[in-house]
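Student:
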Amino acid sequence: MSEEILKALTQLFAIISKQDTGVSEAERNFIISFYQQDLDSETMAEYLALYDKYAEYGIDDDSEEGDTKVERKKRVTRVNEAVRVLSLCRRINKTLTQKQKVIVLFKLLEMVGSNRSFTAQRMEIIQTVASVFNIPKEEYKLMESYAIQEHSSALDSEDILIFDDEPPTEGSKRRYIDSGKLDGEIIFIRVRSVDLYFIKYTGHDEIYLNGQLIKRNSIILFSNGSIIKTPKGAPLYYSDLVSKYTADTVRNNISFNVDSVWFKFPNGTIGLRNINISEGAGKLIGIMGASGAGKTTLLNVMAGLETPYKGKVTINGFNIHDPVERKNIEGVIGYVSQDDLLIEELTVFQNLFYNAKLCFRDLSDEEITQKVVSILESLGLDRIMHLKVGSPLNKKISGGQRKRLNIALELIREPGILFLDEPTSGLSSRDSENVIDLLKELSLKGKLVFAVIHQPSSDIYKMFDKMYILDTGGYPAFYGNPVEAVTYFKKATRQVGSERGQCMTCGNVNPEQIFNIIEARVVDEYGEFTNKRKITPEEWNEMYQANFKIERVEEVREKPPKTLHIPSKLKQTIIFTTRDAIAKISNRQYLTVNLIEAPALALLMSLVIRYKDSLGKGEYVFRYNDNIPAYILICIIIALFMGLTVSAEEIISDRKILKRESFLNLSRTSYLFSKLIILFSLSAIQTLSFVVIGNLVLGISEQYLTYWLVLFSVSCFANVLGLNISSAFNNAVTVYVLIPLLLIPQMILSGGIFSFDKLNNAIASKGKTPLITDIWASRWAYEAICVEQFKSNPYERMFYEIDQKESAANYKTSFWLPKIDELLVAASDLTDSRIASEQEQRKNNLAIAAAELKKDKMPVPGKQEAIELLDAASFNEESLEKIRLHTRQLNILYGQIQARMADARDSIIMVFEEQARKSGSAITINQLKDLYHNDNLADFVKNENVLDKTFIENNKIIQNTDPVFTLPEPEHLLDYRTHFFAPFKHFGGNLISTYYFNLIVIWLMTVLLYIALYFEWLRKLIKLFDKLEFAKR
Amino acid sequence: MDATLTTRLVFIMKRLYLSFSLVLMLACGANTPESNTQQVVKNAPDAASQAALPQISDDLVANIMQSIPSPIETSFLIKGIGAPYNVSNLNDHNLVTNYNTNYSQALNLGVYSTDLGFANLYDKNQDVLNYLNAVKKLADNLGIGQYFDYKTIKELASSSGNVEQLLQLTQQNLEKIHNHLNEQKRESLTILILTGGWVEALYLTTLVNQKANNKELRDRIGEQKIALEQILTILDVYKTKPNFATLIADLKELNKIYSKVQIKTTVGKPTQKVVNGEIITEDNTVSTIIIDDADVQAITSMVKSIRNKIIKS
């Protein structure tokens, strides 16, 4: 409480208490005790002095003189005071919440009540205060009489509840709870407008509120989770009270039945044996058992996470394990696992908010905010609403708060049945009580709640309506009232005092007793415990079978009420995306590293490889940078790497959250799309910054888009690949270990490090890129950039078509025709050979030559005749000469093309330079070349450094030169395969530019990976392997 | 790459350039000027106008080609007088990618060939590698790279005793290149290669002569009168082709200066000698060159300007 407020309150107290009779000793004592709650003795004295001053304590009243002057003075003072009260109240209004104001008002009433001097003037002032505080009139009236009246009989309202040994008279509106023997009565009041409960005790017994003695007639706030203990009667829980007040709210119509359920683990051990449970709405059921007894298994089976191998679990008659029937009960089940299911980067509020948005299609953002705030308030989390959740290691909020928030995530969508796995584990006893109290409250509101509970305190234990106890091996041992459980087990072992379940004096139950009895072991002759149990689980189970008859609740025949209205897939995608984006943005480290990584790497690499020109002029020229082919490769590898690392953990870290959200039946497509949107955006930014900086430093002008589009595509491919492994493997370490396994082949088979012509014969296919490389995105990307960089830069653009034709003609004259001649000469030499293999060789040579000549498209007369001469039976030296006439013709024709193209090229250069001279731009062809053409890359894509320009493979002469100018020769309509660095790709009868073709291929691979991700192929594959492993064993 | 591999590679390359330079030097003239004199007399000086026909016979081209003196001789001469090697006198090998037209590529292929031979003679390994690379690039670009049979050249060059065979091989290669280009009607390229090589050789001679002022060098410069006339004769055939006009004009300008140079030929009787049991015939014809300092000076500056035009194109 701030000083200002305390001062204001002190004045308010003083003004009220000095009215009429002036300050009484009782009132002053009340004030003292009020201060004592908050202040140390020194400051208290200070405030007390202040109070005394305002209340004029100790100043004798001289009104006895009856002077009219005094009377007038009094009137003036009263007017002044009224003004002062108003200004004080306004000041208070500004800082205190409505709830606090209600508490202040009760304090005022209580003070006045402390010596029971409810004079008109005092009450008038308090009423003024109430109206300035905006407290409804009716409610204030009730509060006033609650403070004034000493017995409940004068209070007739639904908001009053009596906790007493005798019920109120017939026809009274008052509510009633039996307290057991009690002196006087405990009166509760509910202040509806703020939903607060207050308590007042009128008797002389020792009544404890949360362990503190209650003063007679004082009005105390009965806060969440409070417990009242009377000397003799049962304790009264906050939840009991609330349920009494809310008894008339509508109940859910739910029947939940577990019928003879057996569960077997994958390895064949039986986890649960013949479980039967039948419950209706409004119950809080505890599940207890020794560790390993199958508590969590039972909970999972009941929640539908695990499927029993015998028996069934039904809600309102619908089998929850039946994929068809379960559609009827969507959203009915809520499940809070033992794990934390919070998104650590989001605030408490955001966690709930986005969860709620996924549950309620029809509510507006404002309504959802309201809902979230109210649930946070009811769980006492409203003060930490805007704190980040943080990880369990980097704590921002306490364990209890985390647990409550986890529960809140389920509560907000109001499932009919709620399952909780050890909701109190790791919590302080106070937090545990709060949580169980919350569950109790829920059950009283008509939910059916199952909670696995471990070592509960007595208070918690008693809050459960029923307890289900499992023994080791999944044998049921008890099902019934918790306190009776103690008696049951005591009786079974014929212990002394077995009819008493709880301590006679303090009312405590010791749940541990139960397990001491169940698991009691035989003692050997030395007094040491043996491993043998006195009563085996089977024996307990026999006893259980004999003693417990399960009464089936009436089967509800209607569909359970549906509170869940999940939004459309598109909306889900938007919600998922926003949630993820906010989480990522709020994670500073993650964001910084991811945004800086790319430009930093680009800067580092490009500066390192910014190779000064070899002309010795000292200035950097792009044309002479020999590192460009390697740069392109590294760009791609970095894009892949960034794409993989950024996505590899995505699904793993979400897996728990996904498990929870599986109860919401949300769309997997939406979830995955939200991932894609975020990852692709990140990839776009990363690759863009990379390309801009890298290319700028290296002077790769005008090709930013060329690079970026490929790097972005590759990065997206890696994103989806990363998501695949992320969804298939269970921990992040495995995934990160896997990354090199995925990346290094991308490097090996990219074509940038090892030439495709020089791979192991088993995989290489000469003249075409090896089939095995087609599945690696890096190879498509590398080819795309290299070819496009060479082919479409402003320099080469001018010549490409001419160069291509010239190169084709040059190949024919320089390599192809000589090769054919070579073949024919060899064949002619072998004509007279008698060796079969040589004859074979000869035949082969002739066939190759014939096929090659036939394939040639140059229209030359006499072609057919020439080919016919190549018949193995008749071929001789004479025919060789004849054919040479033909090939010579070809040589001339192709030579002419070559010469024509050379001339065309020369004239383009001349025209260019002429134009440049005229327009005064003065850029020479070589300056253009400096800017856009890279010599080393050109050598690379033209395969300049290879000595064997042709070779024979599959009875064909394969061109091994100028790949970037060589058009593919498709074998059939769907033949897409070409040599590496082909300028165009063939598909379905069309030639497509390699750049676009390769981009399409990368995206097709990405789509394929997405499908694999959607159907979790990889995960299923791994599971299959696991099963095989198991079968072997 | 490990050390042994590097050494081996360098070794191979060395062998390669050795043989390669020989190839190119031989390409520029297998015969000595003396032996060609008679032929030259037959054709010169009005042969140029006669040859200016739209069609030029293959034989004529081949004959004229052979009459151009070999740069190897020039190189020997320069080295013989003890002139120091200076790489900055040669064309910068880095400029190789600047030659974009077939015209400039062919000319500079000639230039680089001469430079390669020159560097080789002085055992400047690094420069030899550079020029070898430049030559290879230009040859590839012109579509004649395949005629450099690296494997065979390597094998032959690895043993020094194979010089005869090597000469034979390179002669064959040269013919192949010529035939190849000829068949494709691109024989103008051969002429340009030869011209480029010749200009570079002349340029180097004038450069050295400026400092050394040696009689032999002056004679050598003067002798080029004959070669220049041959070149002009054949270039004239292609005068309509783009770029050729400027080159022809420049060379004609040079020819004007050369018109003052006189070559007197005294024909002697051939004599026979026995060397190592073999009979060798010696030609005793002697040529005298009359050239004055002013002419040498004029030639020097003219050649420099022509050469600079070629390497800048």
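Chain order of the listed sequences is Z and A.
For the first sequence, our numbering begins at 1 and goes up steadily by one.
For the second sequence, our numbering begins at 10001 and goes up steadily by one.
Backbone N, C-alpha and C fix where the C-beta goes; we use that ideal spot for every residue, glycine too.
Predicted, not measured: the structure shown is a model, and the values here were computed from it.
1) Taking only beta-carbon positions, decide if Tyr10112 of chain A is within less than 8 angstroms of chain Z.
2) How many angstroms separate the CA atom of Glu3 of chain Z from the CA atom of Tyr590 of chain Z?
3) Alpha carbon to alpha carbon, what distance is there between Lys791 of chain Z and Ile10311 of chain A?
4) On the CB-based measure, 16 or more other CB atoms within 10 Å of its CB, does Ile9981 of chain A come out buried or exposed?
5) Which chain A residues are close to Met910 of chain Z, counting only those with a beta carbon under 9 angstroms from its beta carbon?
6) Quick check: what's the CA-CA separation for Ser10158 of chain A versus Asn10091 of chain A?
7) With DSSP collapsed to three states, give me the class of Gln149 of chain Z.
8) What three-state label does DSSP hand Gln864 of chain Z in the structure shown?
9) Counting only Cβ-Cβ distances shorter than 7 angstroms, please list the residues of the region 797 to 819 of chain Z near chain A, keeping chain order.
10) Comparing C-alpha positions only, which one of A:Val10237, A:Tyr10085, A:Met10302 and A:Leu10207 sits nearest to Phe10118 of chain A?
11) Which residues in chain Z sit within 7 angstroms of Asn10098 of chain A, going by Cβ to Cβ distance?
12) Count the other CB atoms, across all protein chains shown, that sit within 10 Å of the CB of Ser807 of chain Z; report buried if there are 16 or more and exposed otherwise.
13) Excluding the 5 residues flanking Glu838 of chain Z on each side, which residues of the same chain have their C-beta closer than 8 angstroms to its C-beta?
14) Which residues share a DSSP beta bridge with Val697 of chain Z?
15) Going by CA-CA distance only, name the one from A:Lys10260, A:Gly10277 and A:Glu10253 that's closest to Lys10304 of chain A.
16) Please report the distance separating the alpha-carbon of Tyr932 of chain Z from that of Asn760 of chain Z.
17) Verify the CB distance criterion: does Ser907 of chain Z have a CB-CB separation below 8 angstroms to chain A?
18) Comparing the C-beta of Gly10143 of chain A with each C-beta of chain Z, is any distance below 8 angstroms?
19) Taking the alpha-carbon of Val710 of chain Z as reference, which of Z:Asp421, Z:Thr994 and Z:Gly920 has the nearest alpha-carbon?
20) Can you find a C-beta in chain Z that's less than 8 angstroms from the C-beta of Ser10160 of chain A?
21) Tell me which residues share the same chain as Asp465 of chain Z and place their Cβ nearer than 6 angstroms to its Cβ, disregarding the 5 neighbours each side in the sequence.
22) Contact defined as beta carbons within less than 8 angstroms: I believe Ile848 of chain Z pairs with Ile957 of chain Z. What is the distance between those atoms, to the nearest angstrom?
23) Quick check for students: name the residue ranges of the alpha helix (DSSP H) that lie wholly in the region 310 to 364 of chain Z, counting only runs of 4 or more.
24) Just to confirm my understanding: we take Glu650 of chain Z, look at its own chain, exclude 5 residues before and 5 after, and list those with CB closer than 8 angstroms. What are they?
25) Closer than 8 angstroms, Cβ to Cβ, to anything on chain Z: give me those residues from the region 10284 to 10308 of chain A, in chain order.
26) Cα separation between Ser874 of chain Z and Asn844 of chain Z?
27) In the structure shown, what three-state DSSP assignment does His933 of chain Z receive?
28) Buried or exposed, going by whether 16 or more other CB atoms sit within 10 Å of the CB of Leu10024 of chain A?
29) Starting from the beta carbon of Arg10218 of chain A, find every residue of chain Z whose beta carbon is closer than 9 angstroms, and list them in chain order.
30) Determine the closest residue to Asn115 of chain Z out of Z:Ser17, Z:Ser41, Z:Gly184 and Z:Val102, with distance taken between C-alpha atoms.
31) Within 8 angstroms of any Cβ in chain Z, is that where the Cβ of Asp10127 of chain A sits?
32) Using the Cα positions of Val10267 of chain A and Ser814 of chain Z, report the straight-line distance between them to the nearest angstrom.
33) In terms of DSSP beta bridges, what is Pro770 of chain Z paired with?
34) In angstroms, rounded to a whole number, what distance separates the CA positions of Gly286 of chain Z and Gln338 of chain Z?
35) From Z:Gly311, Z:Asp382 and Z:Ile412, pick the residue whose C-alpha is nearest to that of Asn363 of chain Z; which is it?
36) Assign Thr97 of chain Z to one of two classes, buried (16 or more other C-beta atoms within 10 Å of its C-beta) or exposed (fewer than that).
Tutor: Working from what's here:
1) no
2) Cα to Cα, the separation comes out at about 43 angstroms.
3) Those two C-alpha atoms are separated by around 27 angstroms.
4) No answer is possible for residue 9981 of chain A: it lies beyond the span of chain A, which begins at 10001 and ends at 10313.
5) Thr10101, Pro10242 and Asn10243
6) Any reading at Ser10158 of chain A must be qualified, since the residue scores a pLDDT of 45, below 50, and its modelled position is unreliable; no value is offered.
7) When secondary structure is reduced to three states using DSSP, Gln149 of chain Z falls in the coil class, being assigned neither helix nor strand.
8) helix
9) Answer in chain order: Asn810, Thr813, Ser814 and Phe815.
10) For the residues A:Val10237, A:Tyr10085, A:Met10302 and A:Leu10207, the minimum Cα distance to Phe10118 of chain A belongs to A:Tyr10085.
11) Asn926
12) buried
13) Leu830
14) In DSSP, Val697 of chain Z forms no bridge with anything.
15) When A:Lys10260, A:Gly10277 and A:Glu10253 are compared, the shortest CA-CA separation from Lys10304 of chain A is found for A:Glu10253.
16) Taking the straight line joining both Cα atoms gives about 36 angstroms.
17) yes
18) yes
19) Z:Thr994
20) In this prediction, Ser10160 of chain A has a pLDDT of 43, which is less than 50 and means its spatial position is unreliable; what the coordinates show is noted afterwards. Output row for Ser10160 of chain A: interface = no.
21) Excluding residues within five positions, the ones whose Cβ falls inside 6 angstroms are Lys283 and Leu284.
22) Contact flag correct, Cβ pair sits at about 7 angstroms.
23) 348 to 359
24) Within the same chain, Glu650 of chain Z has close Cβ partners Lys675, Leu679, Gly722, Leu723 and Ser726.
25) none
26) 14 angstroms
27) coil
28) Low confidence applies here, because Leu10024 of chain A scores a pLDDT of 46, under 50, leaving its location unreliable; read the following figure in that light. Under this definition Leu10024 of chain A is a buried residue.
29) Per Cβ cutoff of 9 angstroms: no residues; Arg10218 of chain A is ~34 angstroms from chain Z at best.
30) Taking each of Z:Ser17, Z:Ser41, Z:Gly184 and Z:Val102 in turn and checking the Cα distance to Asn115 of chain Z, the smallest one comes out for Z:Ser17.
31) no
32) 46 angstroms
33) According to DSSP, Pro770 of chain Z bridges with nothing at all.
34) 15 angstroms
35) A small correction: the amino acid at residue 363 of chain Z is Leu; Asn does not occupy that position in the sequence shown. Cα-wise, what sits closest to Leu363 of chain Z is Z:Ile412.
36) exposed
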